[in-house]
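Trainee: The structure that follows is given in the form of structure tokens.
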């Protein structure tokens, strides 16, 4: 069904290249600093980072909703923004960039039906509204699994259904680039996971280039072919989810893209001597003092002594335990055993994982 929709709608992707752009809302205080990013045609890239790191500003600059103070932006082979002397300057307005955008709240018009909302996104290319729009709208409704909902008003739909309508409207003009700004943040936890999965399936099949903003690591890993971690207006690291999780560039990235235990260590004969005992490291480092990153799944909790359970979170498929070690260090352990354990219980804990990342201690 999705493949057929992609063919009938003529959907395709274009590469996006951002080169050394700067955006400053206040003089001398750049929100984006000399930032560069390349996205291949049909690729999905997540911009992941804490609030205020500049990820939405970057998205808006690509869309043409923010005017940078320097650099260049290309969509396909076309410069849509270029800073420079008068002869070389370039600015293409958002309406002419062949970009679709989905916002946090969907932005649907409450007084228009679902079909009318989607038709509102069809401008320029589809002018015969009584014929072409009807065909396109029905195909888009099938694409987002809302066939038969065209007559409904947005207020009668669930939050997830409204976001799928917003996605259909953004795809209606057949953009080559789709931008999403935290599109699931307004949904409750259960619905967010469901809609995220549905949208991920659609986006992987339609062939449009996707750039989306999120502060949720799970969302970034599910939807992104690659993830760009941002901090203070710069991209700290970009890579596949597996690369970021297993080989973070620094401790900050490692801690942001998943639960992490950061332990101080002394390096002896290629091993990190820690409060948990010796732990192998992936590569030698300068000096004999290190900080290492140990993921919760690399630790095993067992009957014994040496740690006290301080906190428990039950998830059904597994349980998170925060353990206090003899020196006061708190470590996170994920345990999928059926035997429940309680706060205050004494347990043993040991390292059972592969060699870990290590960095020279500050």
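Residue numbers (our numbering): 533 to 894. From the three backbone atoms N, C-alpha and C, an ideal C-beta is built for every residue, glycine too.
Going by the CB atoms, is the gap between residue 698 and residue 638 shorter than 7 Å?
Mentor: Position 106 of the chain shown, counting from 1, holds the residue named residue 638. Position 166 of the chain shown, counting from 1, holds the residue named residue 698. Contact: yes.
Trainee: Enumerate in chain order the residues of its own chain whose CB-to-CB distance from residue 586 is below 7 Å, with the five nearest sequence positions on each side excluded.
Mentor: In the chain shown, counting from the first residue as 1, residue 586 sits at position 54. The answer, listed in chain order, is 563, 564, 762 and 765.
Trainee: Would you kindly work out how many angstroms separate the C-alpha atoms of residue 730 and residue 788, rounded to a whole number?
Mentor: As a working note, residue 730 is residue 198 in the chain shown. As a working note, residue 788 is residue 256 in the chain shown. In a straight line, the C-alpha of residue 730 is about 25 Å away from that of residue 788.
Trainee: Since residue 721 is in the alpha helix (DSSP H), which residue starts that stretch and which ends it?
Mentor: Against the chain shown, residue 721 aligns to sequence position 189. Its alpha helix (DSSP H) spans residues 721-738.
Trainee: Should the stretch 813-830 be called in touch with the stretch 791-799, which here means at least 3 C-beta pairs below 8 Å?
Mentor: yes
Trainee: Does DSSP put residue 815 in a helix, in a strand, or in coil?
Mentor: Taking the chain shown and counting its residues from 1, the one referred to as residue 815 is at position 283. The three-state secondary structure of residue 815, taken from DSSP, is coil.
Trainee: With 16 other CB atoms within 10 Å as the buried threshold, where does residue 703 fall?
Mentor: Numbered from its first residue, the chain shown carries residue 703 at position 171. When all chains shown are included, residue 703 counts as buried.
Trainee: Do three or more CB pairs link the stretch 594-605 to the stretch 538-557 at distances below 8 Å?
Mentor: yes
Trainee: In chain order, which alpha helix (DSSP H) runs of at least 4 residues are fully inside the stretch 744-803?
Mentor: Complete alpha helix (DSSP H) runs here, min 4: 749-755, 773-778 and 783-788.
Trainee: If contacts are defined as beta-carbon pairs under 8 Å, then residue 642 and residue 687 qualify, I think. What distance do you get, rounded to the angstrom?
Mentor: Stepping through the chain shown from its first residue, residue 642 is reached at position 110. Stepping through the chain shown from its first residue, residue 687 is reached at position 155. Residue 642 to residue 687, Cβ: 6 Å. Contact.
Trainee: Out of 690, 701 and 684, state which residue places its alpha-carbon closest to the alpha-carbon of residue 635.
Mentor: One-based indexing of the chain shown puts residue 635 at position 103. Comparing Cα-Cα distances from residue 635 to each of 690, 701 and 684, the minimum goes to 701.
Trainee: Expressed to the nearest angstrom, what Euclidean distance is found between the alpha-carbon atoms of residue 659 and residue 648?
Mentor: Counted from its first residue, the chain shown places residue 659 at position 127. Counted from its first residue, the chain shown places residue 648 at position 116. No answer about residue 659 holds up, because its pLDDT of 48 lies below 50 and its placement is not dependable.
Trainee: Can you give me the Cβ contacts of residue 862 inside the same chain, cut-off strictly under 8 Å, excluding the 5 residues immediately before and after it?
Mentor: If you number the chain shown from 1, residue 862 lands on position 330. Sequence-distant Cβ neighbours of residue 862 in its own chain, meaning closer than 8 Å and more than five residues away, are 842, 854, 855 and 856.
Trainee: Buried or exposed: where does residue 576 fall if 16 or more other Cβ atoms within 10 Å of its Cβ makes it buried?
Mentor: For the purposes of this step, residue 576 is taken as residue 44 along the chain shown, with counting starting at 1. Counting the other Cβ atoms within 10 Å of the Cβ of residue 576 gives 16 or more, which makes it buried.
Trainee: For residue 707, collect the residues of the same chain with a Cβ closer than 8 Å to its Cβ; drop the 5 residues on either side in sequence, then sort them by chain order.
Mentor: Position 175 of the chain shown, counted from the start, is the residue given in the question as residue 707. Excluding sequence neighbours, residue 707 sits near 630, 631, 632 and 740.
Trainee: Once DSSP output is grouped into helix, strand and coil, what is the label at residue 658?
Mentor: Taking the first residue of the chain shown as 1, we reach residue 658 at position 126. The pLDDT assigned to residue 658 is 45, lower than 50, so where the model puts this residue is not dependable; a value taken from the coordinates is nonetheless given after this. In the structure shown, residue 658 sits in coil (DSSP, three-state: anything other than H, G, I, E or B).
Trainee: May I ask you to report which of helix, strand or coil DSSP gives residue 575?
Mentor: Position 43 of the chain shown, counted from the first residue, corresponds to residue 575. Correct three-state label for residue 575: coil.
Trainee: How would you label residue 834, buried or exposed, when you count the other beta carbons within 10 angstroms and need 16 or more for buried?
Mentor: What you label residue 834 is simply residue 302 of the chain shown in a count that begins at 1. Exposed, since its Cβ has fewer than 16 Cβ neighbours within 10 Å.
Trainee: Just tell me which of 581, 755, 705 and 710 has its CA closest to the CA of residue 545.
Mentor: Position 13 of the chain shown, counted from the start, is the residue given in the question as residue 545. Nearest option by C-alpha distance: 710.
Trainee: Whole angstroms is fine: what's the gap from residue 881's alpha carbon to residue 718's?
Mentor: The residue given as residue 881 occupies position 349 in the chain shown. The residue given as residue 718 occupies position 186 in the chain shown. When rounded, the distance between both Cα atoms is 39 Å.
Trainee: Grouping DSSP H, G and I as helix and E and B as strand, with all else coil, what is residue 954?
Mentor: Residue 954 lies beyond the range of the chain shown here (533 to 894); nothing can be said about it.
Trainee: Alpha carbon to alpha carbon, how far is residue 675 from residue 820?
Mentor: The count along the chain shown starts at 1 and reaches residue 675 at position 143. The count along the chain shown starts at 1 and reaches residue 820 at position 288. If you take the alpha carbons of residue 675 and residue 820, they lie about 57 Å apart.
Trainee: Going by DSSP in three states, residue 679 sits in which element: helix, strand or coil?
Mentor: The residue you call residue 679 lines up with position 147 of the chain shown. Coil.
Trainee: Please report how far the alpha carbon of residue 684 lies from the alpha carbon of residue 605, in whole angstroms.
Mentor: Stepping through the chain shown from its first residue, residue 684 is reached at position 152. Stepping through the chain shown from its first residue, residue 605 is reached at position 73. About 39 Å.
Trainee: Under the three-state reduction of DSSP, which class applies to residue 568: helix, strand or coil?
Mentor: In the chain shown, counting from the first residue as 1, residue 568 sits at position 36. Strand, per DSSP.
Trainee: So, helix, strand or coil for residue 827, using DSSP?
Mentor: Taking the first residue of the chain shown as 1, we reach residue 827 at position 295. Residue state, collapsed to three classes: coil.
Trainee: Using CA atoms only, rank isn't needed, just tell me which of 885, 737, 860 and 839 is closest to residue 875.
Mentor: As a first step, residue 875 is located in the chain shown; it is residue number 343 there, counting from the start. The shortest Cα separation from residue 875 among 885, 737, 860 and 839 belongs to 839.
Trainee: Among residues of its own chain, excluding the 5 on either side of residue 614, which ones have a beta-carbon nearer than 7 Å to its beta-carbon?
Mentor: One-based indexing of the chain shown puts residue 614 at position 82. 604, 620, 621 and 622, listed in sequence order.
Trainee: Note down the Cα distance separating residue 720 from residue 690, rounded to an integer number of angstroms.
Mentor: Numbered from its first residue, the chain shown carries residue 720 at position 188. Numbered from its first residue, the chain shown carries residue 690 at position 158. Using only the alpha carbons, I get a separation of about 11 Å.
Trainee: Can you look up residue 694 in the DSSP assignment and give me helix, strand or coil?
Mentor: On the chain shown, position 162 is the one that residue 694 refers to. If DSSP states are grouped into helix, strand and coil, residue 694 belongs with the helices.
Trainee: Going by DSSP in three states, residue 883 sits in which element: helix, strand or coil?
Mentor: Position 351 of the chain shown, counted from the start, is the residue given in the question as residue 883. Of the three classes helix, strand and coil, the one that applies to residue 883 here is strand, per DSSP.
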